[in-house]
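Enquirer: First the structure, which I've put down as structure tokens, then a few questions once you've had a look.
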Amino acid sequence: MPDCLFCRIRDGQLPARKIYEDEGALAFEDISPQAPMHVLVIPRKHIPTLNDLTPEDEPLVGHLFTVAARIAEERGHAGPGWRAVMNCNSLAGQTVFHLHLHVLGGRPLEWPPG
């Protein structure tokens, strides 16, 4: 999608502090971090929301969580704890309509969120 912010980051048209990439996913630092560790993990495939997932996307979504766990481990947050969040649509706080996983850690995270 040419007007998608995350597709433009994926394609190298916009800068990002990338920390991981492979054939299925890309991870980069959030530009407005809500915790000491706030990374976004996106699929390379453009999927607007969780509502747009199909059964064939199941391995890809699992891969996003595996990447998130790897990043949390590498940054020393696996033991103390970290959070993975996906928002779906505007009312839930989604502002970029390209599926993405927020990976947060490094401070106590309140419950319930929001």
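So that you can map any letter, position 61 of the sequence shown is 61 in my numbering, and since no number is skipped, the others follow by simple counting.
Every residue gets a Cβ at the ideal spot worked out from N, C-alpha and C, and that includes glycine.
1) Quick check on DSSP: helix, strand or coil for arginine 83?
2) Excluding the 5 residues preceding and the 5 following phenylalanine 6 in the sequence, name in chain order all residues of the same chain whose CB lies nearer than 6 Å to its CB.
3) Let me confirm a value: leucine 37 is counted as buried when at least 16 other C-beta atoms fall within 10 Å, else exposed. Which label applies?
4) To the nearest angstrom, report how far apart glycine 93 and histidine 100 are at their CA atoms.
5) Alpha carbon to alpha carbon, how far is proline 55 from valine 61?
6) Specify, as a first and last residue, the run of the beta strand (DSSP E) that glutamate 140 falls within.
7) Assuming the contact rule is C-beta atoms closer than 8 Å, leucine 104 and arginine 83 should be a hit. Round their C-beta distance to whole Å, please.
8) Exposed or buried, what is leucine 64 when buried is set at 16 or more other beta-carbons lying within 10 Å of its beta-carbon?
9) Let me check understanding here. Comparing Cα to Cα, which of Asp22, Ile47, Lys18 lies closest to asparagine 89?
Expert: Working from what's here:
1) Translated into positions along the sequence shown, residue 83 becomes position 83. Three-state result, arginine 83: strand.
2) Stepping through the sequence shown from its first residue, residue 6 is reached at position 6. Excluding positions up to five away in sequence, the list reads Ile42, Val96, His98.
3) By 1-based counting over the sequence shown, the position of residue 37 is 37. The sequence given here has methionine at residue 37, not leucine. Classification of methionine 37: buried, given that the 10 Å Cβ count is 16 or more.
4) Along the sequence shown, one-based indexing puts residue 93 at 93. Along the sequence shown, one-based indexing puts residue 100 at 100. Looking at the two C-alpha atoms, the distance is approximately 12 Å.
5) Working through the sequence shown from its first residue, we reach residue 55 at position 55. Working through the sequence shown from its first residue, we reach residue 61 at position 61. The straight-line gap from Cα to Cα measures roughly 10 Å.
6) A question about residue 140 goes unanswered here, because the residues of the chain that appear run from 1 up to 114.
7) In the sequence shown, the residue the question calls residue 104 occupies position 104. In the sequence shown, the residue the question calls residue 83 occupies position 83. Confirmed, Cβ separation roughly 5 Å.
8) Sequence index remark: in the sequence shown, residue 64 carries index 64 (1-based). The residue in question, leucine 64, is buried, as its Cβ has 16 or more Cβ neighbours within 10 Å.
9) For this step, residue 89 is matched to residue 89 along the sequence shown. Checking every option, the nearest Cα to that of asparagine 89 belongs to Ile47.
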